[in-house]
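Note sheet for the following structure.
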Amino acid sequence: MIEISQRGMDMPSSPIRKLANYAEAAKKEGVKVYHLNIGQPDIETPAIMMEAVRNADMKVLEYTDSAGILSFRKKLAAYYQSKNISVDYTDILITIGGSEGILFAFMACLDAGDEIIVPEPFYANYIGFAMAAGIKIIPITSSIESGFALPPIESFKAKITSKTKGIFICNPNNPTGYVYSEEELLQIRDLIKEKDLKIN
Ligand SMILES: Cc1ncc(COP(=O)(O)O)c(C=O)c1O
1 MIEISQRGMD MPSSPIRKLA NYAEAAKKEG VKVYHLNIGQ PDIETPAIMM
51 EAVRNADMKV LEYTDSAGIL SFRKKLAAYY QSKNISVDYT DILITIGGSE
101 GILFAFMACL DAGDEIIVPE PFYANYIGFA MAAGIKIIPI TSSIESGFAL
151 PPIESFKAKI TSKTKGIFIC NPNNPTGYVY SEEELLQIRD LIKEKDLKIN
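As numbered in this note's numbering, residues 1 to 200 make up the sequence shown, in order.
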């Protein structure tokens, strides 16, 4: 008989998706449901993009380069360079959304048992990504009183142990919407350099 692995058993379901069944059941009962669990886009998708999808001139939907479509990577690099951010297209890997990118980063930069420090509240699925990679998230709580600004850098220092491999931030933050200031980002950068951490 096929057995589920321990990791599979431990894996939490997506806190976002697990509410969907309850919502559907409630709707069938005629209850008005406000979907606060998922951030469905409410901004119209640019017409130029929808047109490009409709008019795609291809007979077969083939595999692309493993790193992503070359012209797309070059355009992205040119965009970052136009903002004085020195990125070459060979530094860019296209992934199927943020989840895959985060999981790749965890798997490529961290070993089982490693720790990363993450300001909370954070995107709920980070727990599942960390579980899949066998790493531990060490949260540092940001407060509503400060508008969810970066907690004092000393609180990050206090959580650093021999297992700490990085500080993980999402800017602008989801779910708080807080945009970390240049000063806050430089504090993180300096700490990463000082402690020789790998990921941020
Ligand atoms: C902060 C953050 N990280 C990762 C993800 C996952 O991204 P995706 O749905 O593109 O896999 C989301 C999605 O909402 C997110 O808000």
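C-beta atoms are modelled at their ideal positions from N, C-alpha and C, and glycine is treated no differently.
None of the values given here were measured: they were computed from a predicted structure.
(request) Could you please give the first and the last residue of the uninterrupted beta strand (DSSP E) stretch that includes Ile137? (result) Lys136 to Thr141 is the extent of the beta strand (DSSP E) around Ile137.
(request) Consider the C-beta atom of Asn174 and the heavy atoms of ligand 1; say whether any pair is separated by less than 7 Å. (result) Checking the Cβ of Asn174 against ligand 1 gives yes.
(message) Please report the straight-line C-alpha distance between Ile127 and Phe106, rounded to a whole angstrom.
(response) So the two alpha carbons sit approximately 12 Å from each other.
(message) Which residues does DSSP list as the beta-bridge partners of Glu115?
(response) Per DSSP, the beta-bridge partners of Glu115 are Lys136 and Thr164.
(request) Starting from the C-beta of Ser99, find all residues in its chain whose C-beta is less than 8 Å away, skip the five residues before and the five after it, and write them out in chain order. (result) If you ignore the 5 residues before and after Ser99, its C-beta comes within less than 8 Å of the C-beta of Asn125 and Phe129, all in its own chain and listed in chain order.
(request) Determine the closest residue to Gly166 out of Val118, Met58 and Glu3, with distance taken between C-alpha atoms. (result) It is Val118 whose Cα lies nearest to the Cα of Gly166.
(request) Could you pull the start and end residues of the alpha helix (DSSP H) that Phe104 belongs to? (result) In the DSSP assignment, Phe104 falls within the alpha helix (DSSP H) that extends over Gly97 to Cys109.
(request) Alpha carbon to alpha carbon, how far is Ala158 from Thr95? Give it in angstroms, no decimals. (result) So the two alpha carbons sit approximately 34 Å from each other.
(request) Please confirm whether any heavy atom of ligand 1 lies closer than 7 Å to the CB of Tyr123. (result) At a threshold of 7 Å, Tyr123 counts as near ligand 1, since its beta carbon sits closer than that to one of the ligand's heavy atoms.
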